[in-house]
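What follows is a short report on a single structure.
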Amino acid sequence: KKVLYESAIQRTEWSISGFIEEYRRHLRALSKTRSKVFYGFDDANGYIFPILYACQQHGMRTVAHQHGAYVKRHAAYVMEGIRKEDYRWFDKLIVWGDYWKDHLLKISNALSPDKIVVGSNKLSWNYAVRGLRNRDVKNILVPYEFLTNTYKVGRYIMKFLDLGYHVYFKPRTDEKLEDQLEAYCLPEEYRQKITIVDRIDSALMQKIDIVAGTMTTLVYELLPYNKIVWVLDTEYRHLEDLVEDGLAHKVRYEDLDSLDEKHFQLTTVDPAHFFSREPLRETLLKNILSDSDGK
Numbered sequence: 374k375k376v377l378y379e380s381a382i383q384r385t386e387w388s389i390s391g392f393i394e395e396y397r398r399h400l401r402a403l404s405k406t407r408s409k410v411f412y413g414f415d416d417a418n419g420y421i422f423p424i425l426y427a428c429q430q431h432g433m434r435t436v437a438h439q440h441g442a443y444v445k446r447h448a449a450y451v452m453e454g455i456r457k458e459d460y461r462w463f464d465k466l467i468v469w470g471d472y473w474k475d476h477l478l479k480i481s482n483a484l485s486p487d488k489i490v491v492g493s494n495k496l497s498w499n500y501a502v503r504g505l506r507n508r509d510v511k512n513i514l515v516p517y518e519f520l521t522n523t524y525k526v527g528r529y530i531m532k533f534l535d536l537g538y539h540v541y542f543k544p545r546t547d548e549k550l551e552d553q554l555e556a557y558c559l560p561e562e563y564r565q566k567i568t569i570v571d572r573i574d575s576a577l578m579q580k581i582d583i584v585a586g587t588m589t590t591l592v593y594e595l596l597p598y599n600k601i602v603w604v605l606d607t608e609y610r611h612l613e614d615l616v617e618d619g620l621a622h623k624v625r626y627e628d629l630d631s632l633d634e635k636h637f638q639l640t641t642v643d644p645a646h647f648f649s650r651e652p653l654r655e656t657l658l659k660n661i662l663s664d665s666d667g668k
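Now the structure itself:
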């Protein structure tokens with residue numbers, strides 16, 4: 374334990390020293406610019422803070438745009454135990470819809486409501502196809518997730534197939550398909566049974582009955598299709614806010630043979646509550662390109 378703690382302290386000291394030096398370099402670079410606004414994603418990883426603080430020190434407005442789901446088990450967004458007066462973040466935060474503002478303020482005390490505005494969402498989904506279209510509920514969409522117990526999710530996929538479900542697998546575009554399938558530890562005979570989908574659109578969602586996942590924001594984005602939503606039981610509990618809010622069903626591997634009717638109830642939401650219809654251009658004009666007086 375001594376070695377572990379010493380290593381953790383040393384790593385933290387290196388990070389802080391590096392951030393301080395990076396902050397100073399940003400300040401020197403900004404002294405030569407006439408830029409007035411810093412606009413970026415609300416990525417709470419450490420690298421954002423040196424440039425954020427340098428821009429604020431330089432007198433620039435700082436605006437962040439939501440890029441992922443706000444959930445109470447994401448420590449970097451919630452900042453549990455930190456008060457808003459002690460937390461230095463962007464001057465303004467643009468979120469995708471009213472749900473995200475309300476939920477973020479419910480799970481975190483580190484942000485002020487007057488600094489959060491609703492604006493454009495990151496994608497434009499066509500939610501014309503909504504609800505179930507199939508008498509026999511058997512089509513499951515499983516997106517690839519890189520931050521989960523892929524072995525355990527792979528077991529779910531094999532069990533789905535054994536029970537007669539048709540599994541549609543949506544890979545990410547930034548990793549090789551074979552690597553993603555390998556991560557789920559699927560034997561070749563099971564790989565041949567799943568359907569690989571290149572993109573998610575209305576034609577695909579018309580076939581889908583169930584959306585299943587453990588951590589990807591894509592599950593949130595697909596909520597307005599009003600499908601059955603399953604959060605698979607793993608150690609990674611990123612999506613359990615959905616279960617706790619009554620927007621998804623928690624499904625355990627051990628129960629797959631005997632799921633009752635409640636696990637097949639549809640999730641019904643108002644798309645506009647989660648994802649604003651405001652065009653990106655309008656959001657940028659109001660929050661980025663205008664000054665504090667709205668000019």
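The sequence shown runs 374 to 668 under my numbering.
Backbone N, C-alpha and C define an ideal beta-carbon position, used for all residues, glycine too.
Computed from a predicted structure; not experimentally measured.
ask   = CB-CB under 8 Å to ARG456, same chain, minus the five flanking residues each way: which ones, in chain order?
value = ASN482 and ALA483
message = Quick check on the DSSP output: the beta strand (DSSP E) that includes ASP402 runs from which residue to which?
response = In the sequence as displayed, the identity of residue 402 is Ala instead of Asp. It is not in any beta strand (DSSP E) - ALA402 instead sits in the alpha helix (DSSP H) that spans 375 to 403.
query = Tell me which same chain residues have a C-beta within less than 7 Å of the C-beta of TYR396, skipping the five on either side of it?
reply = PRO423, TYR426 and ALA427
ask   = Can you pull the DSSP bridge partners for ALA449?
value = Paired residue(s): none; ALA449 is not in a bridge.
key: Contact belief for LYS525 with THR406 at Cβ below 8 Å, rounded distance in angstroms   = So it is not a contact: roughly 49 Å between Cβ atoms.
task = Report the three-state DSSP secondary structure of LEU605 (helix, strand or coil).
result = strand
key: Separation of SER663 from CYS558, as counted between CA atoms   = 51 Å
request  = Please work out which residues of its chain come closer than 6 Å, Cβ to Cβ, to ALA576, disregarding the five sequence neighbours upstream and downstream, and give them in chain order.
outcome  = none
inquiry  = Quick check on this structure: which residue in ASP475, VAL444 and HIS636 has the alpha carbon closest to the alpha carbon of ASP582?
reply    = HIS636
request  = Determine the direct distance from the alpha carbon of ASP547 to that of ILE421, and round the result to whole angstroms.
outcome  = 22 Å
inquiry  = Let me make sure I understand the geometry here. Which of GLY537, ALA556 and GLU655 has the alpha-carbon closest to that of LYS519?
reply    = Residue identity check: residue 519 is Phe in the sequence provided, not Lys. For PHE519, the nearest C-alpha among the options comes from ALA556.
query = What are the complete alpha helix (DSSP H) segments, minimum 4 residues, inside the region 421 to 495?
reply = 421 to 430, 448 to 451 and 471 to 480
ask   = Is PRO560 helix, strand or coil when you go by DSSP?
value = coil
ask   = Which residues bound the beta strand (DSSP E) around ASN660?
value = It is not in any beta strand (DSSP E) - ASN660 instead sits in the alpha helix (DSSP H) that spans 653 to 660.
key: ASP666 to GLU651 span [Cα, whole Å]   = Caution applies to ASP666, whose pLDDT of 46 falls short of 50 and renders its modelled position unreliable; the value that the coordinates give is listed next. About 21 Å.
ask   = In terms of alpha-carbon separation, which member of VAL468, MET578 and ASP552 lies closest to GLY492?
value = VAL468
query = Mind checking whether ALA585 and LEU554 have CB atoms under 9 Å apart?
reply = no
Euclidean distance between Cα positions of LEU514 and LEU596 = 13 Å
Inter-residue spacing [alpha-carbon to alpha-carbon] between PHE463 and ALA448 = 17 Å
inquiry  = What does the alpha-carbon distance come out to for the pair GLY537 and VAL490?
reply    = 45 Å
inquiry  = Could you compute how far the alpha carbon of VAL570 sits from the alpha carbon of LYS543?
reply    = 5 Å
query = What span of residues does the beta strand (DSSP E) with GLY619 cover, start to end?
reply = Taken as a continuous stretch (DSSP letters only), GLY619 belongs to no beta strand (DSSP E), as it is neither H nor E.
key: Span separating the alpha-carbon of LYS668 from that of GLN439   = Note that LYS668 scores 47 on pLDDT, short of 50, meaning its location in the model is unreliable; the coordinates nonetheless yield the value given after this. Spanning the two alpha carbons is a distance of roughly 24 Å.
task = With distances taken Cα to Cα, identify the nearest neighbour of HIS431 among GLY470, LEU658 and ALA402.
result = ALA402
query = Within 10 angstroms of its Cβ, does GLU561 collect 16 or more other Cβ (buried), or is it exposed?
reply = exposed
Limits of the unbroken alpha helix (DSSP H) element including GLY527 = 523 to 535
ask   = Are ILE567 and VAL602 touching if we call contact CB-CB under 9 Å?
value = no
inquiry  = Just to check my reading of the structure: GLY470 and HIS622 have Cβ atoms closer than 8 Å, yes? What is that Cβ distance to the nearest angstrom?
reply    = Not a contact, Cβ separation roughly 23 Å.
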